Each structure stands twice: as structure tokens, then as C-alpha cells.
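Chains A, B, C, D and E supply the protein sequences, listed in that same order. Here the first sequence is numbered in my numbering, starting from 19 and rising by one per residue. Here the second sequence is numbered in my numbering, starting from 26 and rising by one per residue. Here the third sequence is numbered in my numbering, starting from 26 and rising by one per residue. Here the fourth sequence is numbered in my numbering, starting from 2 and rising by one per residue. Here the fifth sequence is numbered in my numbering, starting from -6 and rising by one per residue. Quick reminder that beta carbons are idealized off the backbone N, C-alpha and C, glycines included. Being a predicted model, the structure only gives us computed values, none of them experimental. Some notes on the structure that comes next.
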Amino acid sequence: TGDASQDGKPSYGTVGVQLSWLKNMQFAGMYVADKDGFYRDAGFDKVNLISGGSSATSAEAAVAGGKALVGVSSPLITAPAIVNEGAGFKTIGALYQVNPFAIVSAASKPIRSVSDLKGKKIGVSDSNTLVWKAFLKANKLSEKDVTTVPFSDTSMLTTGQVDGYIGYTTTGAAALTASGFKATELLMADAGLPMVGETLIASQDAIDSHRAELKAFLKATIQGWRKALSDKDQAVNLTINDYGKDQQYSKQSMDITYDREKAIIETSETKANGLLTISKDLQSGTVKTLTYAGISVTPSKLFDTSLIDEVISENPELLK
Amino acid sequence: MTHHPRLDSEETVGSDVLDRGDEADRGVDGIRIVHLDKVFAAGRGQEFQAIRDVNLAAPRGAFVSLIGPSGCGKSTVLRILAGLDRATSGSVMVNGERVEPGHATAGMGIAFQDPALLPWRSVERNIALPLEIQGHKNDAAVRDLIALVGLAGFERSRPGQLSGGMRQRASIARALSVNPRFLLLDEPFGALDDMTRRHLNLELQRIWMQRATTTLMVTHGIAEAVLLSDYVAVMSAHPGHVVTMIPIDIPRPRTVQTMSTDAFHAYVDRLSGMLFSVSGEDRDGKPASDSGRAVQP
Amino acid sequence: MTHHPRLDSEETVGSDVLDRGDEADRGVDGIRIVHLDKVFAAGRGQEFQAIRDVNLAAPRGAFVSLIGPSGCGKSTVLRILAGLDRATSGSVMVNGERVEPGHATAGMGIAFQDPALLPWRSVERNIALPLEIQGHKNDAAVRDLIALVGLAGFERSRPGQLSGGMRQRASIARALSVNPRFLLLDEPFGALDDMTRRHLNLELQRIWMQRATTTLMVTHGIAEAVLLSDYVAVMSAHPGHVVTMIPIDIPRPRTVQTMSTDAFHAYVDRLSGMLFSVSGEDRDGKPASDSGRAVQP
Amino acid sequence: MNPGLRFVVRRVCNMLIAVVVVVLLWQVVLDAFDVNQMIGKRPAQVWTYLMGHPDAAEHRAMVFGNLGITLRDAGIGYVAGLGFAFLLAVLFCLFPIAEHIVMPTAMVLRSIPLVVMTPLITLIMGIGQRSVTTLVIIVVFLPALANILFGLRNVPTASSDLIRVYGGGPWILLMKVSLPGAVPSLMASAKVSIPSAVVGAMIAEWLSTGNGLGGSISKAVATFSYAQMWASAIVIALVTMIVYSCVTILDDIVRPRFVVAS
Amino acid sequence: MLLLIGVWWGFTYSSVSTSSFPTPVAVVRSIIADGWGFYGRNTAGTLARAGWGYVWGNCIAFMLAALVLVVPKLEELVSQIGVLTNCLPITAIGPLVMVIFGSRVSAIALSAMLVFFTTLVGALTGLKSASRSQLDLIVVYGGNAWTQVRKVRILAALPAIMTALQVAIPGAILGAIVGEYLGGIDTGIGVALNAAQRQVQPDRVWALSLVTGIISLLGYALVGVIGRLLTPWAKEINR
Ligand SMILES: Nc1ncnc2c1ncn2[C@@H]1O[C@H](COP(=O)(O)OP(=O)(O)OP(=O)(O)O)[C@@H](O)[C@H]1O
Ligand SMILES: Nc1ncnc2c1ncn2[C@@H]1O[C@H](COP(=O)(O)OP(=O)(O)OP(=O)(O)O)[C@@H](O)[C@H]1O
Ligand SMILES: [Mg+2]
Ligand SMILES: [Mg+2]
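Laid out in C-alpha cells, this is it:
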């Protein structure tokens, strides 16, 4: 719990946030919250946005090790951590309301439905093994119906080594199309796998003893995302020219990504309940999906929505 | 090539050896070194002239010794003759063939100043190496050579298990293994006791007489040079230069007894005097000062 | 230790040197080698006895030369004296201290049979190495030694840029750099021409007389041994054994002139005879046969 | 006890000591850095996973099954990579010009991350054993090549002079001098290449076939199965260490035949 | 080198869609288009990490090699630890390194790890290459094992060590890139590579790889030249 400074405003000092990937469009709301001072206003001296990368479990590791207050992750990692290790994490909010995973395939040889999958060769990177397993299970496909190979680069699709691969809808087909390769995708969410994505996780310890801090963070993050969703130029600009500057992202593909993201962040549910919230349906849907992947977990073990609910109810302006 | 090398010697070279009837096939073109210069890069952009304008001619089949103060360039001349180093200028011919750096002269045998045995090969296999390279094996010859240099019983020893003198003897045997028509020896007997040395001297003479091998031997032993040679060339230092070449007119075969003749002693004294005069001016035996280091821009 | 080493020599050793009034501090315990044996493992489980029951005693401050046929074990004795090899049996004392393998005898200088210069160091720094190891620097001394061995002008050359004889001279200078109280020399002048050799012989005598250095020199030059030594030890081969030790009773300082005295010649002839008799039975100068290889179970 | 047996016993003891120290180090480092127990499994936890757990037999079957695949991949790659490096080094010795063509290529190949290379390789070789072997070769190849080449080139001038004066060409120099002289370097490459081959095989499995320990380890990390990850890692590490020890023993036997102190 | 480019050209020209494997022209164009601002910043980051990794890896390797020299019994153990650091896949140790060293230093740690073993083995082999007589020389003048190390062994080992240091260069760079690839870092070739891959920009991916290759090549050549300058005697007597 932060100290109250002289003017009565709480001060939480500097905290770290472990992102799930490089600084790209996925975290635009946080950039806005940082740039426009929402985090500062909430009582943080500084919020360090720590880039992620190809190391899949960095968020859990950072949160467990105390290096980050909040991590951005996915139930597909958090749930096994809880089940396998009895880890004290909880998912306290979710940005994506729709399962972002999709099977990306060439438009010339499209995979548009589950029935198209038979006999195809699909590239699956290790971090997506679970969701693929769940997908097969949910659609009653056996390992024999489709060939699975490790996936390293989209060139495997463009050179025809695979017929499709599992990627994020926000970057997958869009980026490919932007690069001149016509691609289509089959959203897993449309194939019986509801799930939240880009979840915010915190350790049970933080939830118990740093509740105010977490709530302040959630509030500022929601503010950031609200601004980002209403001001496309700022969001895209911050990504390209500031936070992700060294990657020299192309504006065209960031624009596409923004639009796709917006669609899965702003759903009818979040319009009603507030950004980052997770409805009961979505919770049980996520848990069902996890069950397909062989991970049995209950919603109450995986989620703790009490903080986000409190934040929304305490700050009704976040719903307007 | 008709150009005749200029020799800074008092004597002229050639006819006396050709008179020897039993060696009719020997020409006048055994060794022919003309205006030989060698400049080494001495680091930091500096240069060091090791030998300057070295000239030397000897008939085919002759035994020539090269004596001179330490560091005067004897090994340098020998290495150029062997085709191992490139002369800065000048030319070298052996038995009628021009020596090209990097090309081996056919029928050459050589013993370096340092024995250069391959540490993983036994004595026997070290001696057989030249034959192996040239593709003919001759175990009997190798065995004879081992006995000749007194290494019988050590055929299978590795060089690391030999004494210094034994290594040197192995290296001599190796030089002889190819039945050379042209033999280069760089202080071959330096590490041997007098007894062994004398024995090998006489053996060397025997082999040389049998095979009419054109031989150049670098040595520090004046007596040894006189005992074995048709000609003894004397070099001065800094930069190295052949100042004279003296024919040794003592009948062959020479024996241990030869060494007590007056003629022999006269040659030895004369060569000692010469070596003394090229070596330095100091009566007390101060050595050639190596300090006059020629540094060229 | 009161036990007196048995010497297989005709002479007994000691008193004549002690008589020399100017060297009153010299004791009788300069070098004391008692019943020394060395057996090498010769591979494939075989053994080779290099020396057997070597005994040798010389007073402190004496100059002892060791001569013998190539491969008789001279270097082996020297390396054991230097504490570099472990004797199979027997004991060795130097200047009153017991030599322990792996421990350096204080105040020792040594020149190996092979110069063993460090290729990355200049001549100057190679010579300064022992001083550096012992933590005292003495640039002036190093400079003097370089001049003494005639390497002035080559201070900064690396060993690879020197001739064979020059390398050997650098190695001698290095042995002298520590102002040794005990000096071991293994054929130190083998690669040098007579002139340089004689000069260095006399310089060595001067230094030895100044500093009362107990010295053991392995050499193949009988004249050199007589010129420099108080005692000359003669070794026979297979296995190596000191057969006799002859005191040289010629007044000091000896000079080039000494070498033409009758006394000198008498010693040289006597030693040659001895060396001859240990070297082999064959009149033609056949060397010591190395074939009697002692293989022990 | 006969000397051969004593030698083996001593080496085995050394090996055991190394294992004990590594296990201690493992425990100590994790404790010292206070690594979370979920991620940094301690020796005891790995032991439980493999031996004490109710599903231990299943775990063992999985880990050792994958180990077999990885060892096969690494072994093939090791032999091929080392052989290839050796052949090229020999080629460079005979035709130095070849070095100027191949060396830069090898360098570029070595420094491009395999994640980028893999799609190209799988495209050419197809997904399977051939591309795994190719990837292992890329990892093993350069250090081995550099070491062998260094050994082959490190010929005393005196020895090469000797060959030259007797009319021996590059081939004879190579056979009579360079190769025997390079034995220590060859053995050093053989040693360095062992861990390289193993890690190369695992990377290749991860990126290309998804089989073996390489595949299972990264899948385990992705699904937060750290006990499995650690168990796999430790097993492969131990096996590699044992193989390395064996080659070291071989080295100790072979080397003295070629380097004789003079 | 030209040959290599030729093969590349031929390959990309003939067989494959250029959208996945670009031609050399496309790669060069991409380099020019991205410009100094992009490559300067990213390579500077990677180079700094690789440089530190190189320094650390080598320092640790040398320290351990020195330890082995003083206590020869440790050789087996030390090299086994080297083997250990070198036989674990980055996917396994990556998370661990991130946890232990923190994400920012992890690239340096990985780079150091890849450098460490090569140098260790090179140093251990080299330190044994001093000749018997050179070591004897030190003993007779009262030097101890440590004097032997300082005056003889290190210098005798220098040629072998320089080779190891040369081979370690691509290792260091690769380690840094993979470290960046794993995460926690905002600027660097590894990050840019990862981003470009995700954004499906094969031109840039290959351009970055090429730049990496060239940097390694330069570093390799540089160390080679330094090695030759440091060991002028190596081509002289070479006993
Ligand atoms: N590689 C080299 N670089 C520079 N200088 C060299 C090189 N090799 C030889 N020299 C110099 O050339 C001169 C002649 O050397 P060389 O070996 O021919 O002498 P040498 O007459 O054989 O002497 P020694 O009788 O001592 O063997 C010496 O002064 C030596 O320093
Ligand atoms: N490491 C070794 N292993 C086996 N035998 C050895 C070893 N070192 C020396 N010997 C043998 O010991 C004998 C004596 O060698 P040593 O070097 O002492 O001879 P030396 O008297 O110095 O001869 P030289 O005058 O030729 O130098 C030789 O026969 C040699 O073969
Ligand atoms: Mg010479
Ligand atoms: Mg000797």
C-alpha cells in the first residue's frame, strides 16, 4: 500500500508492467495512459513498460519474481501455471474479449471452416500448442486429420510449406495482406473456442496487499484505452514514432491492426460493463476452452474480477 | 648462361678438381651463386641486410665448406640454395639447374642447423620420411644409415627420447637417405663429441666419393673443413660476403693420419688466420662485433 | 653428511684446489653426486637406464667439465643437478644444499643444450628473464652481457630473427645474468665458430674467477675442457657412468698462449685417449655403439 | 590394480565429482538469486518429478523417449558437422583460395539467428531429419572448422621446410606433418562440438520437427511445465557431460602419441 | 562472397516467391529505405550487448582457465561446467536467465554464455602448448607455477587463444540477438528482427540478417588482424 504524500494523494512509486510482446499496437492504451499522465495522476511516479519477446512465460515469471506488478498474458499460460505449480496468480482483467487466435491461410487455398482443415498441414509454434490442442478437441479432429509442424516464420505459409498457421488475428492475415500476400483467416472464436486474450495478471500477494495500487493501475489503464480507442491518430502515432520507434512499423499495417483490435476490445459487453471487464459467460467460456486443452481449472481459481468491478463502480465516468 | 661469377678470392676455381680422372662426369657447374643479396624485414619497417653480393662457384661433384663467424649469413646462403628462401637479388644454380624458391631441387639431401625431426615419428620413420615423400621405400637403406650414425637400438625411439647429439645424427641420416646428388649440411656435427664426429666425417667422405655428390657444408670446425673439402669458402660478416675460397689440395681418401701431416696443418693455420682477420681486429679474441647493423631506409 | 662418495677415478679430488690461497672461502662441497641412477620409461612398458651409479665430487668454486660420447647421459646428469628431473636413485648436493626435484637451487644459472629462448621476447628481454623472475631488474648488467656475447645491435630482435650461434650466445648471456653462484652449461659453445668460442671461453674464465662460481660444463671440446676446468670428468656410455675425473693443474688465468704449452697438449692427449677408450674398441673411429640397450623387466 | 583400470576409475571419479558439483551449483545459484520455485526447480523437485511422483514412470518414459530422439539427431549432426568441417579444413589447406569463398559464407550462416534460417532450410530440405541435420551442422561447423584449421596451419616452419626440400607438395605436407600435428586441435574440436551438436539438435527440433527434447522443452516452457523442462534439461546435460568425458578420455589417450615434449 | 550473392540471386530469382525470400536488390533497397536511423540505433544496441557479453564471457573463461592452471585437478570440473552452459537450449535457459539477471541484462548473459565455452576450451588447449624446455627455464630460476603462467604459458597460448577469440565473435553477436529476441529489450537487431518477422517484412528480416553477418565478418577479421599483430613471432620459429 502506497504512502500518502503531503497533499493526501497516494504515491505508489515506480512499478513495472511486463508486456507480452514487443511494444506494438497491442499496448496502445498503456502508451496513452503513460504519455497523457493517467498513471501519474493515479499516483505512480513511473510505470515501466517492459517489452516482452519470444520467451513465452515472461509475464508469469516477472510477476512471480516481483519484478512486475502486473503482467500481460494469456489464460493459456496462466492457467497451466496455476494448475501445474499451484501458483498464486489471478487474472484481474482482459483486454481482448474475443479469442484472438486464428488459422491464417492463403486466399488461394483458403481454410475458412473446420471442414476445410482435413488433410492440411498447419504450422503451430510452441507457445500456441495448447490452443491448437483445444481447437482440435473442440472440433473433434484427431491428430491424424491434420498434420502439425513447428512454425517459425510466415514464409512457411508463403512458400507453401504449410497450408495454414496459428496466429493472432490482429497481426496475422492483415500483415500478410499488407505485405502483398493475400490471406484469409478462420477465427477460433468462431469455431467453438471462446476465450479472453491479453489478460492482465497479478500475484495473489499483490491482490491481497497492494489492492489500491492495482485498482489505481487498472483505472488509469482503462482511461488510456478509452482515449486510444477514440483517438486513432494518437494511438497509431505513439506506437510508430514513440514506443515502437526502433522497429519502424509501417503505418499501413498499424492502421489495420488498430481496426482489428478495436473490434475485439470494444464489444457490446465492454460497452455495457466497461473495458477490461470479463463477463461471467466469458469466464466460463474460457474455462471450457481450457478444458479442451486438458487443463481443468475453475473460474474462481483463474479470475479475480473483484478489482475491476470495484474500479468501474467507483468510477462511473469510465463507462461513458 | 656464360657470365662468369666474380669471386673475391685470391685463387681461381675449377681445373684442379677436374683433373681427377676418376670423376670424369663432373662438370664445372656444381654450385654457382652469383651476386646474391638477402635483405630481411626486421620489424618496425626496418630492414636488415644479411648477405651482400655473395659469389661462389664450384664444379659438379665438389665438396665445398663454408666457414665464417657466427651470424655471418652461412645458413642464409644455404637456405637460398635449398630453394627455401627467396633471394632479394642474384641467382643460384645447382648441378646445372636454376634454383627456384619453393621448388625442390631433384636429388637434394639436407640437414638443417636444428634437427627438425617430427616428434611423433620414431627415429626410423623420421629417417625414412624423404623416401616416403618421394614414393620409394627402402627399409634396408634406412637400417644401414641408422647403423652408420650409431643409432642402432634406438630405431623405435621418439625424438623426445634422444639426446641432442643423437637427434643430430638422425638428421644426418635423413639427409643421406635419398642418396643425394646434391647435399647441403648446416653444421651437421656441432653437437657431437670428437670421436663420433671424426667417424662421421670419414663416413661422409666415403659416401661422397662413391656417389660424386655435390656438397656444401657449413661448419665451425676448420680441421673438419680441411679434412673433407675440395674448397673452403670463408665468409665475413655484416653483411655476409664470401671473401675467399681456398682449394684444398690433399689427396683422397683422407684419413685420421692426414690430420697429422704438415700440409693439413698449413691449411688449418692459413684458414684460422683468415677467419681471424674477417672476425675482428682485437688480438684477445674479441668476436666479430655484430653491432654494425645495416639499417636501410 | 660425512659419507664420502666413491669415485671410480684414478685420482682423488680436492686438496690441490683448496691450496689456492685466493679462494679461501671455497669448501669441498661444491658438487656432490652420489650413486646416481636414472631409468627412463621408454614406452611399451620398457625401461631404459640412461646413467648408472654416477659419482662425482668437486669443491665449492671449482670448474668441472663433463665429457663423454654422444648419448652417454651428460645432459641427464645436468638436468638432475638443476633439479629438473628426478633421479631414480642416488642423491645430489650443490654448494651444501640438497637438490630437490622441482625446486630451484638459489643462485643457479643454466644454459640448456637447446637455447630455449622464448620466441615472443626480444633478445634483451630473454636475457633479462631470470632477473625478472627473481624480482630484481638490472638493465645495465643485461646491456653488458649483450655486449659480452657480441649481440649489441640485436637487443630488440626476436629469437626467430637470429642465427643459430646468436641464439646460443643469447642463452649463455641469460645463464650469466643472475650472477650465478652455481653455473650449469650444456654444450654452451657448440654452435659457435672457433673465434667466438675462444673469446667466450676466456670471458667465462674471467667471470668464474671473479665470482668463485661452482661450474659444471658439458662439452665436446676437449681443448675447451682443459682450458677452463679444474677437473674434467670422463663418462662412458650405456649406461652412463663417470669413469674418471682428472684434475687439470695449469695455473690461472689461462690464456690463448696456454693452449700452445706442452702441459696443455699433454692433458688434451690424455683425455682424448680416455675418451677414445670409453667410446669404442674400433681403431677406425667407429663411434660408441648405442646398441647395447639395457632393457629391464 | 592395473594402470588401465586405475585410469578409468580415476576418470569416472572425476566425472562423479563434476556431477555432484554441478548439482550443488544448481541448488546454490537458484537459492542465491532467490529464483522462484515455480520457475527454478531445485534438484529435489526434479528428482520427485522423475522418481517420486505418482506419474513418474510416465514422466521417465517421455523424457527418455525424447532423449533418444535428440541423441540421434545430435549424433548424426555431430558426425556430419565435424566431418564436413574436417574436409573443408583439409580443402583450405590444399587450396587456400577456397577459404576466401567459404569462410565468409560460414560466418554469415553462423551469425544469422536460426529462427530466420530455419524456414529457408526446411524449404530446401523439407521438414524432417535432413533439415535437423543441416541445422546441427551449421551450429557445429564454424568453431570446429576454425579450430581444425588453426591446428593444421600451426606447423613449425622447420617441418614444412623439410617437406618442401624433399619435393613434397601441399598434400604430402598435410599427410605427413599438418594432420599429425593437428591432432590436439582435432581433439579439441571434437570436444567443443559435443555440446554444440546437442544444443544445435535441440534448436533444430524446436524449430523444425517439434520432436525430441528440443521440441518438448520449449513446449513445456510454453505450458508452464517447468518440472518437465528441468528434468529434460538436466537429463540431456548429464548425458552430454558423460559423452564429453568419454571424448576427453580418448583425447588423453591419443594426445601423448602426438605431442612429445622435447 | 560474390559467388554467395550470385547463388542467392539465382535462388530467389528462379524458384521462390519473392514475398518470402527477397532478392539481393530488394534487401539493399530495404537497407537504404530504413536508413541509418534504423540500423544505427539497433546495431548500436546489439553491439553494446554483444560487446559486454564478449568481455564477460572471455573474462570468466580466462579466470577459470587460470584457476585450472594453478590447480590442474580442476580441469575436468571446469570444462564440464563449460559443457553444461553450452548444451542447454536457449528455450530452456532463456526464462531462467531472464529471471536471474533481469530482462535487460539477459542478452548480455546469453552472449557471454555462448562466448565462454569456446574461449575456455581454446585457452585450456593453448595453455598446454608451452614446450617443456620453456617451462623448465622458469623452474630453474625459481619461478613457481604462477610465474610459468605469466611468463610462458599465456604467451605460448596466445595463438590458440586468438583463434578462440575469433570464433567467439559470431557467438557473442548471436547470443546478444537471441537474448533480444527473447524479450525485455526495446532496441536491437534481435528486436527489430522479431518485429519485422511478425510484420511480414522479409526484405527487412534478410537485410537485418545480412547486416549481422557483415558485422560478424568484420569483427572476425578485426580479431584476426589483432591476433597477427600480437603474435608476430608465430610465423617465425614456431617450434
Ligand atoms: N628471419 C630473419 N629476420 C631477420 N634477420 C634474420 C632472419 N634470419 C636471419 N637473420 C639475420 O641474418 C644474419 C645471418 O643469419 P644466418 O642464420 O645466416 O647466420 P649463420 O652464418 O648461419 O650464423 P650461425 O653460425 O650462428 O648459425 C644474422 O645476423 C641474423 O640475425
Ligand atoms: N625422456 C627420455 N626417455 C627415454 N630415454 C631418454 C630420455 N631422455 C634421454 N634419454 C636417453 O638417455 C640417454 C642419455 O641422454 P642424454 O641427453 O643425457 O645424453 P648426452 O650425454 O647429453 O648426449 P649428447 O652429447 O648427445 O647431448 C640417451 O641414450 C637417451 O636416449
Ligand atoms: Mg647458421
Ligand atoms: Mg646432451
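**OP:** Using a Cβ cut-off of 7 Å, pull out every chain B residue sitting near residue 304 of chain C, in sequence order please.
**Re:** On the third sequence, position 279 is the one that residue 304 of chain C refers to. Contact of residue 304 of chain C with chain B by beta-carbon distance below 7 Å involves 220.
Original post:
List, in order along the chain, the chain A residues whose C-beta lies closer than 9 Å to that of residue 27 of chain E?
Top reply: In the fifth sequence, residue 27 of chain E corresponds to position 34, counting from 1. Under the 9 Å cutoff, chain A gives 266.
**OP:** Compare the C-beta of residue 83 of chain A with all C-beta atoms of chain E and state if any pair is closer than 8 Å.
**Re:** Position 65 of the first sequence, counted from the start, is the residue given in the question as residue 83 of chain A. Among the residues facing chain E, residue 83 of chain A is included, as its CB has a counterpart in that chain under 8 Å away.
**OP:** Between the Cα of residue 272 of chain C and those of C:299, C:264 and C:254, spot the shortest distance and give me the residue it belongs to.
**Re:** Taking the first residue of the third sequence as position 1, residue 272 of chain C is located at position 247. Each of C:299, C:264 and C:254 was checked against the Cα of residue 272 of chain C, and the nearest Cα belongs to C:254.
Original post:
Is DSSP giving residue 194 of chain C helix, strand or coil here?
Top reply: Position 169 of the third sequence, counted from the first residue, corresponds to residue 194 of chain C. Reduced to three states, the DSSP call for residue 194 of chain C is helix.
Original post:
Taking just the CA atoms, how far does residue 220 of chain D sit from residue 304 of chain A?
Top reply: Position 286 of the first sequence, counting from 1, holds the residue named residue 304 of chain A. Position 219 of the fourth sequence, counting from 1, holds the residue named residue 220 of chain D. Going by the C-alpha atoms only, they are around 21 Å apart.
Original post:
Counting along the chain, where does the beta strand (DSSP E) carrying residue 211 of chain B start and finish?
Top reply: Taking the second sequence and counting its residues from 1, the one referred to as residue 211 of chain B is at position 186. Note, residue 211 of chain B: beta strand (DSSP E), 207 to 211.
**OP:** With hydrogens ignored, establish whether the beta-carbon of residue 186 of chain C is closer than 7 Å to any heavy atom of ligand 5.
**Re:** This structure simply doesn't include ligand 5; it includes ligand 1, ligand 2, ligand 3 and ligand 4 instead.
**OP:** List the whole-angstrom C-beta distance separating residue 91 of chain D from residue 175 of chain D, where the pair is believed to meet the contact cut-off of C-beta under 8 Å.
**Re:** What you label residue 91 of chain D is simply residue 90 of the fourth sequence in a count that begins at 1. What you label residue 175 of chain D is simply residue 174 of the fourth sequence in a count that begins at 1. Contact flag correct, Cβ pair sits at about 7 Å.
Original post:
Counting Cβ pairs closer than 8 Å, one from the segment 194 to 208 of chain E and one from the segment 200 to 216 of chain A, do we hit at least three?
Top reply: The segment 194 to 208 of chain E is not in contact with the segment 200 to 216 of chain A.
**OP:** Would you decide whether residue 212 of chain D is buried or exposed? Buried here means 16 or more other CB atoms lie within 10 Å of its CB.
**Re:** The sequence position of residue 212 of chain D within the fourth sequence is 211, counting from 1. In this structure residue 212 of chain D is buried. Its beta-carbon is surrounded by 16 or more other beta-carbon atoms within 10 angstroms.
**OP:** Would you mind listing the alpha helix (DSSP H) stretches within the segment 215 to 303 of chain B that are 4+ residues and don't spill past its ends, in chain order?
**Re:** Runs found: 219 to 236 and 247 to 253.
**OP:** Flag residue 337 of chain C as yes when its Cβ comes closer than 7 Å to any non-hydrogen atom of ligand 2, and as no otherwise.
**Re:** Look at the range of chain C in this structure, 26 to 322, and you will see that residue 337 of chain C is not part of it.
Subject >> Straight-line gap, residue 107 of chain A to residue 38 of chain A (C-alpha atoms, nearest Å) >> reply: Numbered from 1 along the first sequence, position 89 holds the residue referred to as residue 107 of chain A. Numbered from 1 along the first sequence, position 20 holds the residue referred to as residue 38 of chain A. Near 16 Å, if we compare the C-alpha coordinates of residue 38 of chain A and residue 107 of chain A.
**OP:** Mark residue 286 of chain C as exposed unless 16 or more other C-beta atoms lie within 10 angstroms of its C-beta, in which case mark it buried.
**Re:** Along the third sequence, one-based indexing puts residue 286 of chain C at 261. By the 10 Å Cβ count, residue 286 of chain C comes out exposed.
Subject >> Integer-rounded CB distance, given that residue 138 of chain B should sit under 8 Å from residue 189 of chain C >> reply: What you label residue 189 of chain C is simply residue 164 of the third sequence in a count that begins at 1. What you label residue 138 of chain B is simply residue 113 of the second sequence in a count that begins at 1. With 8 Å as the limit, residue 189 of chain C and residue 138 of chain B qualify as a contact, their Cβ atoms being about 4 Å apart.
Subject >> Contained alpha helix (DSSP H) runs [length at least 4] in the segment 199 to 255 of chain D, N- to C-terminal order >> reply: List check, alpha helix (DSSP H) in window: 213 to 223 and 227 to 255.
Original post:
Any Cβ of chain A within less than 8 Å of the Cβ of residue 90 of chain D?
Top reply: On the fourth sequence, position 89 is the one that residue 90 of chain D refers to. By this cut-off, residue 90 of chain D is not an interface position.
**OP:** Give a yes or no on whether the C-beta atoms belonging to residue 225 of chain D and residue 78 of chain A are separated by under 8 Å.
**Re:** Residue mapping note: residue 225 of chain D aligns to position 224 of the fourth sequence, counting from 1. Residue mapping note: residue 78 of chain A aligns to position 60 of the first sequence, counting from 1. Taking 8 Å as the cut-off, the beta carbon of residue 225 of chain D is found closer than this to the beta carbon of residue 78 of chain A.
**OP:** Work out the CA separation of residue 79 of chain E and residue 185 of chain E for me, nearest whole Å.
**Re:** As a position in the fifth sequence, residue 185 of chain E is number 192, starting the count at 1. As a position in the fifth sequence, residue 79 of chain E is number 86, starting the count at 1. Each residue's Cα considered, the two are about 26 Å apart.
Original post:
Roughly how many angstroms lie between the CA atoms of residue 214 of chain E and residue 212 of chain C, to the nearest whole one?
Top reply: Locating residue 214 of chain E in the fifth sequence gives position 221, counting from the first residue. Locating residue 212 of chain C in the third sequence gives position 187, counting from the first residue. Near 45 Å, if we compare the C-alpha coordinates of residue 212 of chain C and residue 214 of chain E.
Subject >> Contacts that residue 108 of chain D makes with chain E (C-beta to C-beta distance below 7 Å) >> reply: Taking the first residue of the fourth sequence as 1, we reach residue 108 of chain D at position 107. Residues of chain E passing the Cβ test: 163, 206, 209, 210 and 213.
Original post:
Does the beta carbon of residue 245 of chain D come closer than 8 Å to any beta carbon on chain E?
Top reply: Your numbering for residue 245 of chain D matches position 244 in the fourth sequence. In terms of beta-carbon proximity, residue 245 of chain D lines the interface with chain E, with at least one pair separated by less than 8 Å.
Original post:
Say the cut is 7 Å; is the CB of residue 93 of chain B nearer than that to a heavy atom of ligand 1?
Top reply: Taking the second sequence and counting its residues from 1, the one referred to as residue 93 of chain B is at position 68. Result yes, Cβ under 7 Å from ligand 1.
**OP:** Pick helix, strand or coil for residue 131 of chain A, following the three-state DSSP scheme.
**Re:** For the purposes of this step, residue 131 of chain A is taken as residue 113 along the first sequence, with counting starting at 1. Three-state result, residue 131 of chain A: coil.
Original post:
Any chance the segment 159 to 173 of chain D sits against the segment 152 to 163 of chain B, with 3 or more Cβ pairs inside 8 Å?
Top reply: Counting C-beta pairs with one atom in each stretch, the segment 159 to 173 of chain D and the segment 152 to 163 of chain B have three or more that are closer than 8 Å, which means they touch.
Original post:
Rounded to a whole number of angstroms, what is the C-alpha to C-alpha distance between residue 27 of chain D and residue 228 of chain D?
Top reply: Within the fourth sequence, the letter at position 26 stands for residue 27 of chain D. Within the fourth sequence, the letter at position 227 stands for residue 228 of chain D. Looking at the two C-alpha atoms, the distance is approximately 14 Å.
Original post:
When the cut-off is 8 Å and only beta carbons count, does residue 47 of chain B lie next to chain D?
Top reply: Along the second sequence, one-based indexing puts residue 47 of chain B at 22. Since pLDDT at residue 47 of chain B reaches only 39, below the 50 mark, its modelled position is unreliable, and the value read off the structure follows with that caveat. Interface annotation, residue 47 of chain B: not in contact with chain D, CB-CB separation never under 8 Å.
Subject >> Beta-carbon neighbours of residue 124 of chain B, restricted to chain D and to distances below 9 Å >> reply: As a working note, residue 124 of chain B is residue 99 in the second sequence. Correct list: empty, because the minimum Cβ distance to chain D is about 11 Å.
Subject >> Proximal residues of chain A, C-beta to C-beta of residue 277 of chain E below 8 Å >> reply: What the structure shows of chain E is the stretch from -6 to 232, and residue 277 of chain E is not part of that stretch, so it cannot be assessed.
**OP:** Can you tell me which of C:275, C:208 and C:178 puts its alpha carbon nearest to the alpha carbon of residue 73 of chain B?
**Re:** Position 48 of the second sequence, counted from the first residue, corresponds to residue 73 of chain B. For the residues C:275, C:208 and C:178, the minimum Cα distance to residue 73 of chain B belongs to C:178.
Subject >> Reduced DSSP category for residue 146 of chain A - H, G, I as helix; E, B as strand; rest coil >> reply: Taking the first residue of the first sequence as position 1, residue 146 of chain A is located at position 128. When DSSP states are grouped into helix, strand and coil, residue 146 of chain A belongs to the helix group.
**OP:** Count the other CB atoms, across all protein chains shown, that sit within 10 Å of the CB of residue 25 of chain E; report buried if there are 16 or more and exposed otherwise.
**Re:** Residue numbering aside, residue 25 of chain E sits at position 32 when the fifth sequence is read from its first letter. By the neighbour-count criterion, in which 16 or more other beta carbons inside 10 Å mark a residue as buried, residue 25 of chain E falls on the exposed side.
Original post:
So is the beta-carbon of residue 65 of chain C under 7 Å away from any non-hydrogen atom of ligand 2?
Top reply: Here residue 65 of chain C refers to the residue found at position 40 of the third sequence. For ligand 2, at least one heavy atom lies less than 7 Å from the Cβ of residue 65 of chain C.
Original post:
Is residue 113 of chain A helix, strand or coil by DSSP?
Top reply: For the purposes of this step, residue 113 of chain A is taken as the residue at position 95 of the first sequence. Here residue 113 of chain A sits in strand by DSSP.
Original post:
Which term fits residue 56 of chain E, buried or exposed, when burial requires 16 or more other beta carbons within 10 angstroms of its beta carbon?
Top reply: Indexing the fifth sequence from 1 puts residue 56 of chain E at position 63. Exposed, since its Cβ has fewer than 16 Cβ neighbours within 10 Å.
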